[in-house]
Amino acid sequence: MFAANLSKMYYLLAKFFSRLFIGFLFGALFASLIVLLSINFKGKVTNSSNFHKIPNNSEYNSWLSKNKVLKTKIPLDILRYSGKEYLLESQYLYKTLSVLCIIFVRNEKNAKAAQATWAQGCSDIELVKLNTRQRKIRMPVKQNKENSTWSLLCKCLMKIDYKHQWILIINDNTFALLENLRLLVAPLNYTKNYYLGHAVQFWNINYNTGQAGYLLSLGSLKELQNKLGNDSCVAETTYLNQEDFYIGKLLSTLNIFPQDTRDSLGLTTFHSFNWYQEFFSSATYYKMSVYPVSCCSSQSITFQATEADKMYMYYYLLYQLEVFHEGSLGNRPASTPVPEEQVWKAFLKERGIMRDYVSAREYYKIWEDLVHDPEEFLKEMRDKKMDYT
1091 MFAANLSKMY YLLAKFFSRL FIGFLFGALF ASLIVLLSIN FKGKVTNSSN
1141 FHKIPNNSEY NSWLSKNKVL KTKIPLDILR YSGKEYLLES QYLYKTLSVL
1191 CIIFVRNEKN AKAAQATWAQ GCSDIELVKL NTRQRKIRMP VKQNKENSTW
1241 SLLCKCLMKI DYKHQWILII NDNTFALLEN LRLLVAPLNY TKNYYLGHAV
1291 QFWNINYNTG QAGYLLSLGS LKELQNKLGN DSCVAETTYL NQEDFYIGKL
1341 LSTLNIFPQD TRDSLGLTTF HSFNWYQEFF SSATYYKMSV YPVSCCSSQS
1391 ITFQATEADK MYMYYYLLYQ LEVFHEGSLG NRPASTPVPE EQVWKAFLKE
1441 RGIMRDYVSA REYYKIWEDL VHDPEEFLKE MRDKKMDYT
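Its first residue numbered 1091, the sequence shown is counted upward by one per residue in the numbering used here.
Next comes the structure, spelled out in structure tokens:
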């Protein structure tokens, strides 16, 4: 069901962006338009027709069987309106697989949005706040090793205990689907050495780019902690603010390398860019990728959300918008219909207004006072804790 929602979102976004793109260029010469569109799709990145298909998850299904878990499909209509309780697959994975999310915070607004949306799927959250204050006068300054992204991440990793099986390291402008992440790692032994993400190459070092987020198993964390010791977090390094490259370089000395995280259809799951760039990618976007990039897996794990408001939009599309394909339970009227009069009286009573009659104008005024500031009203709605399951 979740994969179907993701495929539907891919289709809607592709349709929207394609119309936007064509509309923007409509005033240009027709021949130029053809050339531009051809260039977009001649690169290393391809848009696969398989994105609507469900990958083969044989290893995951074997893992479920090994744990004596029987999986069955329940129509959404029954799930929502039958009154029965079911253990969802996402709930089982959440309880079984522990994931610590380490989020680099460059923008407080993004971090808050992440915590209110996708990060609810994390077992625990660790915020690593970076000093990104803009200087009014740009002058050369000496880099401070103590506040570099590598130093801050290193210190964070060194103090982590061993209660979590997996550690996701991610930026605050990235959206992660923890259900799909757990689906990927469920068959894996977290005590072994795993280092997962979107593999790229720089200076003959293969590492997982921080733009797409990357994942360490508990086994890899222990190896890394032993390697770092007590002083390496502030050791001299050329890559002070390229922690993704530096951690990959360190792991390579331990014979821990990035692995292929594409699904069984060969589609990418860790994405370094936003959906517009993914759907209309050029060769330059993924020129350093180790494995061929093909957009986009229906079991994608990360992508760029870019801004806080986009995170709320994606969260709504993926977790709150429900598509009913069958069933009729949701269309049945309530067994004991509530009179309209009782509805508005209950609404007034909640606000301390005890009256048997109000005019339409008075009722409108009450609502107007309630939503006097649309932005504030929206903020209150966002601040309400969302139900992860």
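Just so you know, even glycine gets a beta-carbon here, dropped at the ideal spot from N, CA and C.
Go to LEU1243, then tell me how far its alpha helix (DSSP H) extends in each direction, as first and last residue.
To locate residue 1243, count along the sequence shown from 1; it is residue 153. Start and end: 1239-1248.
Measuring CB to CB, does GLN1291 end up less than 9 Å from VAL1189?
Taking the first residue of the sequence shown as 1, we reach residue 1291 at position 201. Taking the first residue of the sequence shown as 1, we reach residue 1189 at position 99. In terms of Cβ geometry, GLN1291 and VAL1189 do not form a close pair [threshold 9 Å].
Any idea which residues DSSP pairs LEU1305 with across the strands?
In the sequence shown, counting from the first residue as 1, residue 1305 sits at position 215. Answer by DSSP bridge pairing, in chain order: LEU1258 and LEU1286.
From the DSSP secondary-structure annotation, give me the bridge partner or partners of VAL1218.
Counting from 1 along the sequence shown, the entry for residue 1218 is found at position 128. Answer is PHE1194.
Rounded separation between ILE1383 and ARG1352 - CA only:
Position 293 of the sequence shown, counted from the first residue, corresponds to residue 1383. Position 262 of the sequence shown, counted from the first residue, corresponds to residue 1352. Correcting the residue type first, residue 1383 is Val in the shown sequence and not Ile. Spanning the two alpha carbons is a distance of roughly 9 Å.
With 16 other Cβ atoms within 10 Å as the buried cut-off, status of GLN1160
Here the question's residue 1160 lines up with position 70 in the sequence shown. The sequence given here has Leu at residue 1160, not Gln. Looking at its Cβ environment, which holds fewer than 16 other Cβ atoms inside 10 Å, LEU1160 is exposed.
Suppose contacts are defined by Cβ-Cβ distances below 9 Å. Is ASN1146 in contact with GLU1397 by that definition?
Residue numbering aside, residue 1146 sits at position 56 when the sequence shown is read from its first letter. Residue numbering aside, residue 1397 sits at position 307 when the sequence shown is read from its first letter. No; because the gap between Cβ atoms is not below 9 Å, this pair is not in contact.
Could you work out which residue in LYS1219, LYS1455 and CYS1385 is closest to TYR1366 when comparing CA atoms only?
Translated into positions along the sequence shown, residue 1366 becomes position 276. Minimum Cα distance to TYR1366 is reached at CYS1385.
ALA1203 classed as buried or exposed, judged by whether at least 16 other C-beta atoms fall within 10 angstroms
To locate residue 1203, count along the sequence shown from 1; it is residue 113. Under this definition ALA1203 is a buried residue.
Mark LEU1183 as exposed unless 16 or more other C-beta atoms lie within 10 angstroms of its C-beta, in which case mark it buried.
Position 93 of the sequence shown, counted from the first residue, corresponds to residue 1183. Counting the other CB atoms within 10 Å of its CB gives LEU1183 a total of 16 or more, which places it among the buried residues.
Less than 9 Å between the beta carbons of LEU1271 and LEU1247, yes or no?
The residue given as residue 1271 occupies position 181 in the sequence shown. The residue given as residue 1247 occupies position 157 in the sequence shown. Taking 9 Å as the Cβ cut-off, LEU1271 and LEU1247 do not qualify as a contacting pair.
Cutoff 7 Å; reference THR1281; Cβ partners in own chain excluding five residues on either side:
The sequence position of residue 1281 within the sequence shown is 191, counting from 1. For THR1281, the CB contacts under 7 Å within the same chain, skipping 5 residues up- and downstream, are LEU1308 and GLY1309 in chain order.
According to DSSP, residues forming a beta bridge with ILE1295:
Along the sequence shown, read from residue 1 onward, the residue named residue 1295 stands at position 205. ILE1295 is bridged by DSSP to PHE1292.
For LEU1438, which residues from the same chain have a beta carbon less than 8 Å from its beta carbon, with the 5 sequence-adjacent residues on both sides left out?
By 1-based counting over the sequence shown, the position of residue 1438 is 348. Excluding sequence neighbours, LEU1438 sits near MET1444, ARG1445, VAL1448 and ILE1456.
The alpha helix (DSSP H) enclosing THR1281, as first and last residue numbers
Taking the sequence shown and counting its residues from 1, the one referred to as residue 1281 is at position 191. No alpha helix (DSSP H) holds THR1281; DSSP gives it neither H nor E.
Using the Cα positions of LEU1187 and LEU1258, report the straight-line distance between them to the nearest angstrom.
Taking the sequence shown and counting its residues from 1, one reaches residue 1187 at position 97. Taking the sequence shown and counting its residues from 1, one reaches residue 1258 at position 168. Rounded to whole angstroms, LEU1187 to LEU1258 spans 13 Å at the Cα level.
THR1186, enclosing alpha helix (DSSP H) - first and last residue
The count along the sequence shown starts at 1 and reaches residue 1186 at position 96. Note, THR1186: alpha helix (DSSP H), 1179-1186.
Same chain, Cβ closer than 7 Å to ASN1283, neighbours up to 5 away in sequence not counted:
For the purposes of this step, residue 1283 is taken as residue 193 along the sequence shown, with counting starting at 1. If we look at ASN1283 and ignore the five residues flanking it on each side, its Cβ neighbours are SER1307, GLY1309, SER1310, GLU1313 and ILE1346.
By the 10 Å Cβ neighbour count, where 16 or more other Cβ atoms means buried, how is VAL1413 classified, buried or exposed?
If you number the sequence shown from 1, residue 1413 lands on position 323. VAL1413 comes out exposed.
Backbone secondary structure at ALA1266 - three-state DSSP
For the purposes of this step, residue 1266 is identified with residue 176 of the sequence shown, where counting begins at 1. Here ALA1266 sits in strand by DSSP.
Quick one: what does DSSP say PHE1437 is sitting in, helix, strand or coil?
Along the sequence shown, one-based indexing puts residue 1437 at 347. Reduced to three states, the DSSP call for PHE1437 is helix.
Three-pair Cβ contact test at 8 Å for the stretch 1259-1268 versus the stretch 1202-1220:
The answer is yes - the stretch 1202-1220 touches the stretch 1259-1268, with three or more Cβ pairs under 8 Å.
Check each candidate in ASN1279, GLY1338 and ASP1262 and name the one with the smallest Cα separation from ASN1294.
Position 204 of the sequence shown holds residue 1294. Selection ASN1279, GLY1338 and ASP1262 evaluated against ASN1294 yields GLY1338 as nearest (Cα-Cα).
Nearest to SER1362 by alpha carbon, out of MET1378, LEU1341 and GLN1349?
Here residue 1362 is taken as the residue at index 272 of the sequence shown, counted from 1. Checking every option, the nearest Cα to that of SER1362 belongs to MET1378.
What is the residue span of the alpha helix (DSSP H) that PHE1335 lies within?
Looking up residue 1335 in the sequence shown gives position 245. PHE1335 -> alpha helix (DSSP H) spans 1333-1342.
Taking the C-alpha atoms as reference points, what is the distance between LYS1158 and SER1152?
Here residue 1158 is taken as the residue at index 68 of the sequence shown, counted from 1. Here residue 1152 is taken as the residue at index 62 of the sequence shown, counted from 1. Straight-line Cα distance between these residues: approximately 10 Å.
For LEU1177, count neighbouring Cβ atoms within 10 angstroms of its own Cβ and tell me buried if that reaches 16, exposed if not.
As a position in the sequence shown, residue 1177 is number 87, starting the count at 1. That one is exposed.
Delimiting residues of the alpha helix (DSSP H) encompassing ALA1395
Here residue 1395 refers to the residue found at position 305 of the sequence shown. Looking at the DSSP string, ALA1395 is not in any alpha helix (DSSP H), and its letter there is neither H nor E.
Chain-order list of residues whose beta-carbon lies under 6 Å from that of THR1207 (same chain, five-residue window excluded):
In the sequence shown, counting from the first residue as 1, residue 1207 sits at position 117. Residues of the same chain with a CB within less than 6 Å of the CB of THR1207, apart from the 5 flanking positions on each side, are MET1401 and TYR1405 in chain order.
CYS1386 in three-state terms, based on DSSP
For the purposes of this step, residue 1386 is taken as residue 296 along the sequence shown, with counting starting at 1. Three-state DSSP puts CYS1386 in coil, outside helix and strand.
Nearest to LEU1278 by alpha carbon, out of GLU1149, LEU1344, THR1299 and SER1387?
On the sequence shown, residue 1278 is found 188 positions in, with the first residue counted as 1. Measuring C-alpha to C-alpha distances from LEU1278 to each of GLU1149, LEU1344, THR1299 and SER1387 identifies GLU1149 as the nearest.
Kindly indicate which three-state DSSP category ASP1459 falls into: helix, strand or coil?
For the purposes of this step, residue 1459 is taken as the residue at position 369 of the sequence shown. Assignment of ASP1459 by DSSP, reduced to helix, strand and coil, places it in the helix class.
If we count the other Cβ atoms within 10 Å of its Cβ and call it buried at 16 or more, is GLY1300 buried or exposed?
On the sequence shown, residue 1300 is found 210 positions in, with the first residue counted as 1. Per the 10 Å Cβ criterion, buried.
For LEU1243 and GLU1333, the rounded distance between their alpha carbons:
If you number the sequence shown from 1, residue 1333 lands on position 243. If you number the sequence shown from 1, residue 1243 lands on position 153. The straight-line gap from Cα to Cα measures roughly 7 Å.
According to DSSP, is VAL1275 part of a helix, a strand, or is it coil?
If you number the sequence shown from 1, residue 1275 lands on position 185. Collapsing the DSSP output to three states places VAL1275 in a helix.
What's the gap between the Cα of PHE1360 and the Cα of GLN1389?
As a position in the sequence shown, residue 1360 is number 270, starting the count at 1. As a position in the sequence shown, residue 1389 is number 299, starting the count at 1. Distance between the alpha carbons of PHE1360 and GLN1389 is about 10 Å.
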